[in-house]
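Asks: Below is the structure I would like to discuss, written out as structure tokens.
Protein chains in written order, with our numbering: chain A, 1 to 404; chain B, 405 to 843.
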């Protein structure tokens, strides 16, 4: 295929060529950045919680005083355990993807000099860590005598389980077992390492920080109350949840069931990522519409060029050009324009990404998105130009003899 | 002449339906996307107290130990400073606010107990923020001083508990205390819930919650603190409080103060006043730092980046998309006009000026824009419906108002005229002789 004559023709249609190229450039920039943002949102949504979400649900009670806690918990837990299908009902302050009650900054020394980051304290009663299903990969699980009564936020001292992500952050490369963390007057010793245990609110944190959690064993009492974790067969879970709410409503009619926060964990997870899901959906919608509009633009202009050059095409055909020659002419022309647009588009994509990183804390655009975007746009251009190009190749040579 | 051009434009649009449909669709989709996001932006970024926000200020002092914060005083005040500043009565109006959740029961109804947001505040809150009343009125300053057991409730709560009827004088049980209803608010939906805005810098752009509804129960400040003791939320603490929720003497910040200062001179005076307060507290040994700050309402909202990051991102995205649609339309209009080169050549040969040809082409572009605007308006309504379906905290605010309705058409026509200008210029430059030769 000879490129020289195509370039000569394009030079005569500089304005239209520039328009298509600019459109492609913008499309390329938006496509690459939007895809990267979609991937970012989807990866946030796919986070491993480290707990058996499908088997878990929570019931949250409020509206009573610490003095009433023992009585309310006793009645509520009895009612929950009597619901058919409930395998366990335990107490834990924070719920993955749900209520957040133990977020605080820690230090790795008693004097409070070495800040270790803001982490989540899951303060749970006996059986709650097993109920969560968090996997212990080193050290030990809490034992019966680890659960101490307390007032305020949590026990002043305890033997805790820590996630491996947090351990690696606090003591890179070292064995975390036996290490200690401090928070004001509180002081904890690590006795076990958890594979994963996500924060209640992972979407507000960086990928590294999303699993900075510890499990603090504590005895239920005035300050560990009303936040129940239910475990049931995943198939039964929705029914168990409904029955549990009814049972609790009957057992403790004087307190308030926090219905907004009492859900199964799959429902809570769905809710937590609502915003990410809608943003990803919107971005996908924009990409589809964008590719559509760009394709229509190419179809429109290519059709116009074909119509404008009918006579020239006829002459070429009469002089011996085959249909394939004509087809390839328009395909090559489109390829050249799109390539020109893509070169501009890649520069624009990187520039926009830098601006987004600065103002919107969007992650860096992975470079392999660029070649993928390029291929998508080349394919789109070729697809869009196919119909007008075929129409051009069908121009009969006899056109050349008319109205010269 | 315009009527004639309009007629010509209509004929031309009918002649090549495919091209027309493509152009109208491109404009409609671009306008629909950008107007949806623009409408959400417009609803979320307005002034919540028009005409008054410049006189509403947010004084800040800092009781935290040195090194606890960076970049100015903490977002809210400790109890002691807040009450001291309020008690000095140096402003035209002043309101303390503290937030908590309270258990609410209405004796005489069989509704289960509710957990609702409660605002403990002082009587100036209502006139200062122009809060509308359906029934009754705010409590009096003497109720503040006497710690009276009275409350003002939202229209939502009045609907829920009393079917929207006049409930003045009825009793409400807040936690374990009975309060008398002295006022019922009319529908009041500030956007954002400006007086509760704080900590926006730490929200990572996820600030949708600033647009939630206002509280359902309002009580005098000290009454609320007594009634709902143990349930107050701290903003932050420099030591963990021994007794969570009981914050009066805790090393925590949790009370906000808003003041109204009706002139610039008064604002200057108030700045001096809080600076001298901080100095005095440092001398007394209670403060370790004397930094103070006082922003007005809009500055404070700005400082807290109230507009959700995703909303801003969507707006940029929509306008990038509109730009693509614009390029697209330029290309298609160019094709359309130049295809009629022969016709234009004849018009020019018969005496039409370049300007006349230009005007004719622009009329056609404008008509495309107008039709695209109608489509864009419909798509905007669909877009807003989709936004509401995502149930952000501000979903009940999302609607198209009159100004945005007009903006839709102005934007659509402006975009199409912009898109049409270059092709129209090209068309008006067509040399008549060359075209006539090929006819």
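Just so you know, even glycine gets a beta-carbon here, dropped at the ideal spot from N, CA and C.
1. Run through DSSP, which three-state label would residue 827 of chain B get?
2. If the cut-off is 7 Å on Cβ atoms, which residues from the stretch 743-768 of chain B count as contacting chain A, listed in chain order?
3. Can you find the residues in the same chain that come closer than 6 Å, C-beta to C-beta, to residue 603 of chain B, ignoring five residues on each side of it along the sequence?
4. I'd like to know whether the C-beta atoms of residue 266 of chain A and residue 53 of chain A end up nearer to each other than 8 Å.
5. Is residue 157 of chain A closer than 8 Å to residue 115 of chain A when the C-beta atoms are compared?
6. With the cut-off set at 8 Å, would you say residue 89 of chain A and residue 77 of chain A are in Cβ contact?
7. Between residue 644 of chain B and chain A, is there a C-beta pair that is closer than 8 Å?
8. Work out the CA separation of residue 63 of chain A and residue 278 of chain A for me, nearest whole Å.
9. According to DSSP, is residue 768 of chain B helix, strand or coil?
10. What residue ranges within the stretch 622-672 of chain B form continuous beta strand (DSSP E) runs of no fewer than 3 residues, ordered along the chain?
11. Starting from the beta carbon of residue 211 of chain A, find every residue of chain B whose beta carbon is closer than 9 Å, and list them in chain order.
12. How would you write the range of the alpha helix (DSSP H) that residue 77 of chain A sits in, first residue to last?
13. Can you have a look at residue 685 of chain B and say buried or exposed, based on whether 16 or more other CB atoms are within 10 angstroms of its CB?
14. If you measure between the beta carbons of residue 557 of chain B and residue 573 of chain B, is that distance less than 8 Å?
15. Does any CB atom of chain A fall closer than 8 Å to the CB of residue 608 of chain B?
16. Express the C-alpha separation of residue 818 of chain B and residue 775 of chain B in angstroms, rounding to a whole number.
17. Can you check whether the C-beta of residue 242 of chain A is within less than 8 Å of a C-beta belonging to chain B?
18. Provide the residue(s) that pair with residue 138 of chain A in DSSP beta bridges, ordered along the chain.
19. In chain order, what residues of the same chain have a beta carbon less than 7 Å from the beta carbon of residue 410 of chain A, not counting five sequence neighbours either side?
20. Near residue 608 of chain B, which residues of its chain fall below 8 Å by C-beta distance, leaving aside the five closest residues on each side in sequence?
21. Can you tell which of A:386, A:350 and A:393 has the C-alpha that lies nearest to the C-alpha of residue 30 of chain A?
22. In three-state terms, what does DSSP make of residue 747 of chain B?
23. Pull out every residue of the stretch 505-519 of chain B whose Cβ sits closer than 8 Å to any Cβ of chain A, in chain order.
24. Smallest Cα separation from residue 273 of chain A: which of B:767, B:508, B:796 and B:625?
25. Express the C-alpha separation of residue 209 of chain A and residue 19 of chain A in angstroms, rounding to a whole number.
26. Does the beta carbon of residue 153 of chain A sit closer than 8 Å to a beta carbon anywhere in chain B?
27. Can you list, in chain order, the residues of its chain with a C-beta nearer than 7 Å to that of residue 729 of chain B? Leave out the 5 residues immediately preceding and following it.
28. Kindly say whether residue 307 of chain A, judged by its beta-carbon, lies nearer than 8 Å to any beta-carbon of chain B.
29. Can you tell me which of the three DSSP states residue 582 of chain B falls into?
30. Counting only beta-carbon separations shorter than 8 Å, does residue 144 of chain A have a partner in chain B?
31. Residues in the stretch 426-446 of chain B with C-beta within 9 Å of chain A's C-beta atoms, listed in sequence order?
32. Determine whether the beta carbon atoms of residue 362 of chain A and residue 356 of chain A lie at a separation below 8 Å.
33. What does the alpha-carbon distance come out to for the pair residue 345 of chain A and residue 365 of chain A?
34. May I have the straight-line CA-CA distance separating residue 678 of chain B from residue 486 of chain B, to the nearest angstrom?
35. Along the chain, where does the alpha helix (DSSP H) that runs through residue 408 of chain B open and close?
36. According to the Cβ coordinates, are residue 166 of chain A and residue 139 of chain A closer than 8 Å?
Replies: So, to answer that:
1. Position 423 of the second chain, counted from the first residue, corresponds to residue 827 of chain B. DSSP places residue 827 of chain B in helix when its eight states are reduced to three.
2. Result list: 743.
3. Locating residue 603 of chain B in the second chain gives position 199, counting from the first residue. Annotation for residue 603 of chain B: 479 place their beta carbon closer than 6 Å to its own, counting only its chain and skipping 5 residues before and after.
4. Residue 266 of chain A sits at position 266 when you count from the first residue of the first chain. Residue 53 of chain A sits at position 53 when you count from the first residue of the first chain. In contact: residue 266 of chain A and residue 53 of chain A (Cβ atoms closer than 8 Å).
5. Along the first chain, one-based indexing puts residue 115 of chain A at 115. Along the first chain, one-based indexing puts residue 157 of chain A at 157. No, these two residues do not count as a Cβ contact at 8 Å.
6. Locating residue 89 of chain A in the first chain gives position 89, where the first residue counts as 1. Locating residue 77 of chain A in the first chain gives position 77, where the first residue counts as 1. Inclusion of residue 89 of chain A and residue 77 of chain A in the CB contact set at 8 Å is warranted, their separation being smaller than that value.
7. Within the second chain, numbered from 1, the residue matching residue 644 of chain B stands at position 240. By this cut-off, residue 644 of chain B is an interface position.
8. Numbered from its first residue, the first chain carries residue 278 of chain A at position 278. Numbered from its first residue, the first chain carries residue 63 of chain A at position 63. Annotation: residue 278 of chain A to residue 63 of chain A spans about 34 Å, alpha carbon to alpha carbon.
9. Indexing the second chain from 1 puts residue 768 of chain B at position 364. Residue 768 of chain B: helix per DSSP, three-state reduction.
10. You should have 660-664.
11. Mapped onto the first chain, residue 211 of chain A falls at position 211. In chain order: nothing, as chain B lies at least about 17 Å away.
12. Numbered from its first residue, the first chain carries residue 77 of chain A at position 77. Membership of residue 77 of chain A in the alpha helix (DSSP H) is indicated by the continuous run 69-81.
13. As a working note, residue 685 of chain B is residue 281 in the second chain. A residue is called buried when at least 16 other Cβ atoms come within 10 angstroms of its Cβ; residue 685 of chain B meets this threshold and is buried.
14. As a working mapping, residue 557 of chain B is identified with position 153 in the second chain. As a working mapping, residue 573 of chain B is identified with position 169 in the second chain. For residue 557 of chain B and residue 573 of chain B, no; Cβs fall outside 8 Å.
15. As a first step, residue 608 of chain B must be located in the second chain, where it is residue number 204. It does; some Cβ of chain A falls within 8 Å.
16. For the purposes of this step, residue 775 of chain B is taken as the residue at position 371 of the second chain. For the purposes of this step, residue 818 of chain B is taken as the residue at position 414 of the second chain. A straight line joining the alpha-carbon of residue 775 of chain B with that of residue 818 of chain B spans about 13 Å.
17. In the first chain, counting from the first residue as 1, residue 242 of chain A sits at position 242. Cβ-Cβ to chain B under 8 Å: no for residue 242 of chain A.
18. The residue you call residue 138 of chain A lines up with position 138 of the first chain. As a beta-bridge residue in DSSP terms, residue 138 of chain A pairs with A:193.
19. Since the first residue shown for chain A is 1 and the last is 404, residue 410 of chain A is missing from the structure and cannot be characterised.
20. Taking the second chain and counting its residues from 1, the one referred to as residue 608 of chain B is at position 204. Counting only Cβ-Cβ distances below 8 Å, and skipping sequence neighbours, we find 713.
21. Residue numbering aside, residue 30 of chain A sits at position 30 when the first chain is read from its first letter. Measuring from the Cα of residue 30 of chain A, the nearest candidate turns out to be A:350.
22. Residue 747 of chain B sits at position 343 when you count from the first residue of the second chain. Of the three classes helix, strand and coil, the one that applies to residue 747 of chain B here is helix, per DSSP.
23. Contact annotation: in the stretch 505-519 of chain B, residues whose CB is within less than 8 Å of a CB in chain A are 505, 507, 516, 517, 518 and 519.
24. Residue numbering aside, residue 273 of chain A sits at position 273 when the first chain is read from its first letter. Of the candidates B:767, B:508, B:796 and B:625, the residue whose Cα lies closest to the Cα of residue 273 of chain A is B:796.
25. The residue you call residue 19 of chain A lines up with position 19 of the first chain. The residue you call residue 209 of chain A lines up with position 209 of the first chain. Distance from the CA of residue 19 of chain A to the CA of residue 209 of chain A, rounded to the nearest whole angstrom, comes to 45 Å.
26. For this step, residue 153 of chain A is matched to residue 153 along the first chain. Yes, contact with chain B.
27. Taking the first residue of the second chain as 1, we reach residue 729 of chain B at position 325. For residue 729 of chain B, same chain residues with a beta-carbon under 7 Å away, outside a window of 5 residues either side, are 430, 431, 433 and 434 in chain order.
28. Working through the first chain from its first residue, we reach residue 307 of chain A at position 307. Yes, residue 307 of chain A lies at the interface with chain B (some Cβ there is under 8 Å from its Cβ).
29. Taking the first residue of the second chain as 1, we reach residue 582 of chain B at position 178. Per DSSP, reduced to three states, the secondary structure at residue 582 of chain B is strand.
30. By 1-based counting over the first chain, the position of residue 144 of chain A is 144. Taking Cβ atoms only, chain B never reaches closer than 8 Å to residue 144 of chain A, which makes this a no.
31. So the close ones are 426, 427, 429, 430, 433, 434 and 437.
32. Position 362 of the first chain, counted from the start, is the residue given in the question as residue 362 of chain A. Position 356 of the first chain, counted from the start, is the residue given in the question as residue 356 of chain A. With contacts defined by Cβ atoms closer than 8 Å, residue 362 of chain A and residue 356 of chain A form a contacting pair.
33. For the purposes of this step, residue 345 of chain A is taken as residue 345 along the first chain, with counting starting at 1. For the purposes of this step, residue 365 of chain A is taken as residue 365 along the first chain, with counting starting at 1. So the alpha carbons of these two residues sit roughly 14 Å apart.
34. Position 274 of the second chain, counted from the start, is the residue given in the question as residue 678 of chain B. Position 82 of the second chain, counted from the start, is the residue given in the question as residue 486 of chain B. The C-alpha of residue 678 of chain B lies about 11 Å from the C-alpha of residue 486 of chain B.
35. Start at 1 with the first residue of the second chain, and residue 408 of chain B comes out as number 4. DSSP places residue 408 of chain B inside the alpha helix (DSSP H), whose first and last residues are 406-419.
36. Your numbering for residue 166 of chain A matches position 166 in the first chain. Your numbering for residue 139 of chain A matches position 139 in the first chain. Between residue 166 of chain A and residue 139 of chain A, the C-beta spacing is not below 8 Å.
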